[in-house]
Amino acid sequence: MDVLIHLFVGLHIIGIASLLGGFLTQMKAMGRGTARFVPAMLHGAATMLVTGVILVGLNQADDQSVNNVKIGVKLALLIVILGLVYVKRDDEKVEKPLFALVGLLTVANVFIAVLWT
Numbered sequence: 319m320d321v322l323i324h325l326f327v328g329l330h331i332i333g334i335a336s337l338l339g340g341f342l343t344q345m346k347a348m349g350r351g352t353a354r355f356v357p358a359m360l361h362g363a364a365t366m367l368v369t370g371v372i373l374v375g376l377n378q379a380d381d382q383s384v385n386n387v388k389i390g391v392k393l394a395l396l397i398v399i400l401g402l403v404y405v406k407r408d409d410e411k412v413e414k415p416l417f418a419l420v421g422l423l424t425v426a427n428v429f430i431a432v433l434w435t
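Using my numbering, the letters of the sequence shown correspond one by one to residues 319 to 435.
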């Protein structure tokens, strides 16, 4: 079971790397007002959602404790991120505040995962 959990943790990290990497590659464009949500951001957020749900299930099946409040907060942030990226995915330009919000929520999700014990 540990190998399976570690496999999905790795996939979860790849998802966050895709989401955050997509954001970071568009930061220069955000300064010019031409930033857009790239496909990597949508796929990263979707990967995080799927692997996160699987990780909660695997941890509960392995009789490990799961902080449901922490998972709920992370899930809520991720649903907002995923919703914004999905709705605006075809737009040529995304407004600076909206694009910055996605980046801020992504970074907040990372810090919640790491610091909330």
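Each residue gets a CB set at the ideal place from its N, CA and C atoms; glycine is no exception. Source: prediction; values computed, not measured.
Count Cβ pairs between the region 347-358 and the region 385-395 that sit closer than 8 angstroms; are there 3 or more?
No: fewer than three Cβ pairs fall under 8 angstroms.
Could you check which residue in Ile430, Ile372, Met348 and Gly328 has the C-alpha nearest to that of Glu410?
Position 92 of the sequence shown, counting from 1, holds the residue named residue 410. When each option's Cα is compared against that of Glu410, the closest is Met348.
Among residues of its own chain, excluding the 5 on either side of Ile334, which ones have a beta-carbon nearer than 7 angstroms to its beta-carbon?
The sequence position of residue 334 within the sequence shown is 16, counting from 1. So the list reads Gly362, Met366 and Val428, once near-sequence residues are dropped.
Does the region 419-426 come close enough to the region 372-379 that 3 or more CB-CB pairs lie under 8 angstroms?
As far as the Cβ criterion goes, the region 372-379 does not touch the region 419-426, which means the pair count is below three.
For my contact list, Gly370 and His324 are in at a C-beta cut-off of 8 angstroms; report their separation, rounded to the angstrom.
For the purposes of this step, residue 370 is taken as residue 52 along the sequence shown, with counting starting at 1. For the purposes of this step, residue 324 is taken as residue 6 along the sequence shown, with counting starting at 1. Actually they are not in contact, since the Cβ atoms of Gly370 and His324 sit about 15 angstroms apart, beyond 8 angstroms.
Quick one: grab the DSSP three-state call for Gln378.
As a position in the sequence shown, residue 378 is number 60, starting the count at 1. Three-state result, Gln378: helix.
If you reduce the DSSP assignment to three classes, tell me which class Val384 lands in.
Along the sequence shown, read from residue 1 onward, the residue named residue 384 stands at position 66. Three-state result, Val384: coil.
Please state if the CB of Leu400 and the CB of Ala364 are separated by a distance shorter than 8 angstroms.
Position 46 of the sequence shown holds residue 364. Position 82 of the sequence shown holds residue 400. Cβ distance < 8 angstroms, so Ala364 and Leu400 count as in contact.
Compare the beta carbon distance of Lys414 and Gly351 with 8 angstroms and say whether it is the shorter of the two.
Along the sequence shown, one-based indexing puts residue 414 at 96. Along the sequence shown, one-based indexing puts residue 351 at 33. Yes, these two residues count as a Cβ contact at 8 angstroms.
Can you tell me whether Leu402 is buried or exposed? The criterion is at least 16 other CB atoms within 10 Å of its CB, across all chains shown.
On the sequence shown, residue 402 is found 84 positions in, with the first residue counted as 1. Buried is the call here.
Measure the C-alpha to C-alpha separation of Met345 and Val432 and round it to an integer number of angstroms.
Mapped onto the sequence shown, residue 345 falls at position 27. Mapped onto the sequence shown, residue 432 falls at position 114. Approximately 24 angstroms between the Cα atoms of the pair.
Give me the Cα-Cα distance between Leu322 and Leu373, rounded to the nearest whole angstrom.
What you label residue 322 is simply residue 4 of the sequence shown in a count that begins at 1. What you label residue 373 is simply residue 55 of the sequence shown in a count that begins at 1. Near 9 angstroms, if we compare the C-alpha coordinates of Leu373 and Leu322.
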